[in-house]
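Q: One structure coming up, written as C-alpha cells, with questions to follow.
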Amino acid sequence: MATRRIPLVLLACGSFNPITNQHMRLFELARDHMHSTGQYQVVGGIVSPVSDGYAKQGLVLAQHRIAMAKLALQSSDWVTVDEWESQQADWTETVVTMRYHYGRILKEYELSTGEHKDSSGNPSPLSSPCPQLKLLCGADFLDTFQVPDLWLDDHVEEVAGHFGLICVSRGGLHPERAVAASDTLSRHSHNIFLVREWVRNETSATEVRRALRGGLSVKYLIPDSVIEYIHQHNLYTEDSERRNKGTVLRPLAKQATQPGKSLDD
Amino acid sequence: MDGQHLTKVVLLACGSFNPITNMHLRMFELARDHLEDTGQYRVVKGIISPVGDAYKKKGLIEARHRLEMARLSTDSSDWITVDPWESVQPEWVETAKVVRHYYKEMLEAEQNTDDVDTVKYAKKRRIEENHFGVSSHQKKDGLQLMFLCGADILESFGVPNLWKQEDIDEIVGRYGMVCITRSGSDPHKFIHQSDKLWQYRQNIHVVREWVTNEISATQVRRSLRRGRSVRYLLPDGVVHYIQEHALYSAESEQRNAGVVLAPIQKNTEVS
Numbered sequence: 001m002a003t004r005r006i007p008l009v010l011l012a013c014g015s016f017n018p019i020t021n022q023h024m025r026l027f028e029l030a031r032d033h034m035h036s037t038g039q040y041q042v043v044g045g046i047v048s049p050v051s052d053g054y055a056k057q058g059l060v061l062a063q064h065r066i067a068m069a070k071l072a073l074q075s076s077d078w079v080t081v082d083e084w085e086s087q088q089a090d091w092t093e094t095v096v097t098m099r100y101h102y103g104r105i106l107k108e109y110e111l112s113t114g115e116h117k118d119s120s121g122n123p124s125p126l127s128s129p130c131p132q133l134k135l136l137c138g139a140d141f142l143d144t145f146q147v148p149d150l151w152l153d154d155h156v157e158e159v160a161g162h163f164g165l166i167c168v169s170r171g172g173l174h175p176e177r178a179v180a181a182s183d184t185l186s187r188h189s190h191n192i193f194l195v196r197e198w199v200r201n202e203t204s205a206t207e208v209r210r211a212l213r214g215g216l217s218v219k220y221l222i223p224d225s226v227i228e229y230i231h232q233h234n235l236y237t238e239d240s241e242r243r244n245k246g247t248v249l250r251p252l253a254k255q256a257t258q259p260g261k262s263l264d265d
Numbered sequence: 001m002d003g004q005h006l007t008k009v010v011l012l013a014c015g016s017f018n019p020i021t022n023m024h025l026r027m028f029e030l031a032r033d034h035l036e037d038t039g040q041y042r043v044v045k046g047i048i049s050p051v052g053d054a055y056k057k058k059g060l061i062e063a064r065h066r067l068e069m070a071r072l073s074t075d076s077s078d079w080i081t082v083d084p085w086e087s088v089q090p091e092w093v094e095t096a097k098v099v100r101h102y103y104k105e106m107l108e109a110e111q112n113t114d115d116v117d118t119v120k121y122a123k124k125r126r127i128e129e130n131h132f133g134v135s136s137h138q139k140k141d142g143l144q145l146m147f148l149c150g151a152d153i154l155e156s157f158g159v160p161n162l163w164k165q166e167d168i169d170e171i172v173g174r175y176g177m178v179c180i181t182r183s184g185s186d187p188h189k190f191i192h193q194s195d196k197l198w199q200y201r202q203n204i205h206v207v208r209e210w211v212t213n214e215i216s217a218t219q220v221r222r223s224l225r226r227g228r229s230v231r232y233l234l235p236d237g238v239v240h241y242i243q244e245h246a247l248y249s250a251e252s253e254q255r256n257a258g259v260v261l262a263p264i265q266k267n268t269e270v271s
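For the record, the sequence lines run as chains A and B.
Positions 1 to 265 (UniProt numbering) are the ones given, in order, by the first sequence.
Positions 1 to 271 (UniProt numbering) are the ones given, in order, by the second sequence.
The following block contains the structure:
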C-alpha cells in the first residue's frame with residue numbers, strides 16, 4: 001500500500017434512551033463508508049450516553065442506559081460504551097466530550113509509538129499515522145447548526161474543522177443543504193462525510209418507548225437482551241416518561257442555547 | 001379476559017426469504033399486536049413457509065439455506081416457526097394450495113392435541129394462560145388461519161397472470177389476510193378500487209407499521225455482494241451463516257436469470 005490509512009475512531013453522543021438497532025446500524029454504515037474512501041481505517045466506535053443532567057423528558061437513569069448499551073454491543077467487536085460523559089454531574093457540550101476522548105486516544109497513541117521514535121525523538125516513518133476522532137451523527141443533527149444561537153461558533157469550528165463529522169442521512173433529509181446553509185460547515189465540507197442510508201430503517205427511541213408504554217412488541221427493533229433488561233427493571237412506563245417534565249433542558253439553562261445532541265433519538 | 005370467546009389465529013407468511021430479514025420477523029410481531037388489540041383474536045402461532053427452488057426467481061438460492069436461515073432467525077421466538085413443507089416440493093405450489101395445506105394441518109393438529117400451542121416444538125409461551133381457553137370441545141370455527149403479507153402482495157393481486165381469481169377468492173374470502181402497510185402504499189385505496197377485494201374487505205386486516213422499516217432482501221443481497229455490512233438488519237445468526245457458506249455473490253444473483261417465474265409460466269399456460 002502506497003499510503004498508510006489514518007486510524008479513525010467514531011464517537012456517537014446522544015440519549016440512547018434506549019439504544020436501538022438503528023443506532024448500531026449507523027456505526028456499520030459509517031465504517032463501510034469511511035473504508036471505501038481508501039484513506040481511513042476505522043479502529044473503534046464509542047457510544048457515549050448523555051448524563052442525567054441533560055434533563056430531557058423521559059430520560060431514564062444513566063446507569064440503565066449504560067447497561068442497555070453494553071448489552072446491545074456485547075456482540076460487537078469494535079463498538080464500545082464509554083461512561084465518562086454519562087457520569088458528569090452536569091451536561092457536557094459535545095465538543096468537550098470530543099476533547100476528552102481525543103486526549104485519551106492521543107495518549108494511547110503516544111505510548112504505542114514511543115518505541116518507534118528515532119534518536120532525535122521524532123516519530124520514525126515506521127510508526128502508524130496519528131489517529132483521528134470524528135463525530136458520528138444522523139442527518140437531523142446537521143440541521144441544528146442552522147438554528148440561530150444554538151451553537152457557539154468556535155464549537156462548530158472545532159467539531160467540523162478540527163475533528164470532523166460523519167453524517168448518515170435518513171429518508172427525506174438533505175444533509176447537503178444543511179452544509180451549504182452554514183458558512184462554517186461549508187468551509188469544512190472536506191471534513192464532513194455524508195453517508196447515504198439506502199435501507200430505510202427509521203426506528204426512533206421515542207417510538208420504541210411509546211410502544212413499550214402501550215404494551216406493543218419491540219422485538220427485532222432492539223436486541224433481545226435489551227428487551228429483557230427493560231422488562232426486568234420495568235423501565236419505560238407512563239411514570240418514567242414524565243421524568244423531567246417541565247424542566248428546562250440543561251443546555252438551554254446552561255448557555256441559553258441548545259446544542260443538539262447527535263443521536264438524540 | 002375470557003379466553004373462551006377469542007378466535008385462535010395461526011399466521012402464515014409465504015415468500016422467498018432470500019434471506020430472511022428483521023423486517024419479515026417484525027411483520028409477525030406487528031400482526032399479532034394488531035389482531036390481539038381487537039379483543040377478538042389470540043395469535044397462537046406463526047409459520048414461515050419459504051418457497052421451493054422451482055419458483056425460479058432470479059437470485060433465489062437453495063431452499064436448504066433459506067430454510068436454515070429462517071430457523072436461525074426464529075430460535076429466539078416463542079411463537080414463530082419455520083415449516084419446510086412448501087420448500088421441499090419439487091414443483092412450485094400455488095399459494096392457495098399452500099394455505100390449504102397449512103389449514104388442514106392446523107385442523108388435524110387441533111384434533112390430535114386439542115392445543116395448537118404446543119406445536120410439537122418447545123415454544124411454550126402462553127401455555128398456562130391458554131389452558132382455560134383451550135378445551136377438547138373447541139369448535140373448528142374458533143380457529144383461523146390468516147395469510148400474512150406486505151402491501152406489495154395485496155397489490156400483486158392486480159398483476160395479470162400472477163394470480164388465479166379463484167385463488168384470491170380462497171385466500172382472502174375463505175381464510176383472510178393480514179396486510180402490513182409500508183410507507184407510500186395505500187392498501188385501503190387498493191381494496192376500494194378492487195371489486196373482489198372490496199367484497200372481502202372484512203377479511204382483510206390492514207396494519208400500519210409504526211416505524212419505517214423497509215429492509216428488503218434485495219437490498220440486503222446487494223450489500224452482501226458489495227462486501228457491505230448487513231449487521232442489525234438480519235439476526236446475527238443469519239449474518240454468520242451467510243458468511244460461513246459464502247451465500248450471496250455475483251454468481252448466485254445470476255441463478256435463474258432469464259427464466260420465467262414459475263407462477264407466470266403456469267398461469268399463462270392455463271389461460
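Built from N, CA and C at the ideal position, the CB exists for glycine as well.
Keep in mind that this is a model prediction, so the values were computed, not measured.
(1) Does the Cβ of A/A72 have 16 or more other Cβ atoms within 10 Å, making it buried, or fewer, making it exposed?
(2) Give the interface partners of B/Y232 over in chain A, defined as CB-CB distance under 7 Å, in chain order.
(3) Out of curiosity, what's the CA-to-CA distance linking A/V60 and A/R250?
(4) Between the alpha carbons of B/M69 and B/T268, how many angstroms are there, rounded?
(5) Among B/V9, B/A13, B/L6, which one has its Cα closest to the Cα of B/L148?
(6) In three-state terms, what does DSSP make of A/M1?
(7) Can you pull the chain B residues whose beta carbon is under 7 Å from the beta carbon of A/Y220, in chain order?
(8) What did DSSP end up calling B/T38 once you bin it into helix, strand or coil?
(9) For B/K57, report the span of its alpha helix (DSSP H) as first-last.
(10) Residues of the region 62-84 of chain A with a CB closer than 7 Å to any CB of chain B: list them in chain order, please.
(11) Exposed or buried, B/C179, counting other C-beta atoms within 10 Å across all chains shown (16 or more means buried)?
(12) What are the residues that DSSP puts in a beta bridge with A/S48?
(13) At a CB-CB cut-off below 7 Å, which residues of chain A make contact with B/R228?
(14) If A/A30 and A/V195 are in contact, beta carbons under 8 Å, what's the gap, nearest whole angstrom?
(15) Taking Cβ positions only, does B/R32 come closer than 9 Å to chain A?
(16) Taking 9 Å as the CB-CB cut-off, is A/E216 touching chain B?
(17) Using Cβ-Cβ distances below 7 Å, what residues of the region 67-94 of chain B are close to chain A?
(18) With which residues is A/A181 paired in a DSSP beta bridge?
(19) Just to confirm, is the Cβ distance from A/E197 to A/R170 under 9 Å?
(20) Could you please tell me which residues of the region 233-244 of chain B, in chain order, have their CB closer than 7 Å to any CB of chain A?
(21) By the three-class DSSP mapping on this structure, what secondary structure does A/S169 have?
(22) Assuming contact is defined by CB atoms lying nearer than 9 Å, are A/V43 and A/P7 in contact in what I supplied?
(23) Rounded to the nearest angstrom, what separates B/K140 and B/Y55 at their Cα positions?
(24) Taking the C-alpha atoms as reference points, what is the distance between B/Q111 and A/L26?
(25) Would you mind working out which of B/L35, B/M177, B/V51 sits nearest B/N18, comparing C-alpha positions?
(26) Return the first residue and the last residue of the beta strand (DSSP E) that B/G176 is part of.
(27) CA-CA distance, B/H5 and B/Y41?
(28) Does the CB of A/G45 have a neighbour CB from chain B at under 9 Å?
(29) What's the call for B/Q254, buried or exposed, on a 16-neighbour Cβ count within 10 Å?
(30) Run down chain B in chain order and give the residues with a C-beta less than 8 Å from the C-beta of A/D140.
(31) Taking the C-alpha atoms as reference points, what is the distance between B/L25 and A/Q22?
(32) For residue 275 of chain A and A/F16, which I take to be in contact (beta-carbon distance under 8 Å), what is that distance rounded to the nearest angstrom?
(33) Is the beta carbon of B/T181 less than 9 Å from the beta carbon of B/A217?
(34) Please report the straight-line C-alpha distance between B/E227 and B/L107, rounded to a whole angstrom.
(35) Inspect the CB distances between the region 187-201 of chain B and the region 236-255 of chain B and report whether three or more fall short of 8 Å.
A: Inspection of the coordinates gives the following:
(1) Classification for A/A72: buried.
(2) Within chain A, the residues near B/Y232 are N21, M24, R25, E28.
(3) So the alpha carbons of these two residues sit roughly 15 Å apart.
(4) Cα to Cα, B/M69 sits roughly 33 Å from B/T268.
(5) The residue from B/V9, B/A13, B/L6 with its alpha-carbon nearest to that of B/L148 is B/A13.
(6) Per-residue confidence for A/M1 stands at a pLDDT of 48, beneath the threshold of 50, marking its modelled position as unreliable; the derived number appears in the next sentence. Here A/M1 carries a coil assignment [DSSP, helix/strand/coil].
(7) By Cβ distance, chain B contributes N22, L25, R26, E29.
(8) Look at B/T38 here: in three-state DSSP terms it is coil, with no helix or strand label.
(9) Here B/K57 belongs to no alpha helix (DSSP H), and DSSP marks it neither H nor E.
(10) Under the 7 Å Cβ criterion, the region 62-84 of chain A contributes S75.
(11) Under the 10 Å beta carbon count, B/C179 is surrounded by 16 or more other beta carbons and is classified as buried.
(12) Its beta-bridge partners are A/C13.
(13) Correct list: D32.
(14) Confirmed, Cβ separation roughly 6 Å.
(15) At a cut-off of 9 Å between C-beta atoms, B/R32 counts as an interface residue with respect to chain A.
(16) Looking at the sequence provided, one finds Leu at residue 216 of chain A rather than Glu. Yes - at least one Cβ of chain B is within 9 Å of the one on A/L216.
(17) Residues are counted here when their Cβ sits less than 7 Å from a Cβ of chain A; for the region 67-94 of chain B these are S76, given in chain order.
(18) For A/A181, which the question treats as bridged, DSSP gives no partner whatsoever.
(19) Taking C-beta atoms as the reference points, A/E197 and A/R170 count as a pair closer than 9 Å.
(20) Going along the region 233-244 of chain B in chain order, one finds L233, D236 with a Cβ nearer than 7 Å to chain A.
(21) In the structure shown, A/S169 adopts extended strand secondary structure according to DSSP, grouped into three states.
(22) Yes, they are a contact pair.
(23) With a pLDDT of only 49 at B/K140, under the threshold of 50, the placement of this residue in the model should not be trusted, and no figure is reported.
(24) If you take the alpha carbons of B/Q111 and A/L26, they lie about 49 Å apart.
(25) Nearest C-alpha to B/N18: B/V51.
(26) According to the DSSP assignment, B/G176 belongs to no beta strand (DSSP E), since it is labelled neither H nor E.
(27) In a straight line, the C-alpha of B/H5 is about 9 Å away from that of B/Y41.
(28) It does not; no Cβ of chain B falls within 9 Å.
(29) Exposed, by the Cβ-count rule.
(30) Contacts between A/D140 and chain B, judged by CB atoms closer than 8 Å, are missing: the closest CB pair is about 14 Å apart.
(31) For B/L25 and A/Q22, the distance between alpha carbons rounds to 16 Å.
(32) What the structure shows of chain A is the stretch from 1 to 265, and residue 275 of chain A is not part of that stretch, so it cannot be assessed.
(33) Against a cut-off of 9 Å, the Cβ pair of B/A217 and B/T181 comes out as no contact.
(34) It should be noted that the sequence gives Gly, not Glu, for residue 227 of chain B. Taking the Cα positions, B/G227 is about 45 Å away from B/L107.
(35) With the cut-off at 8 Å, the region 187-201 of chain B and the region 236-255 of chain B do not touch.
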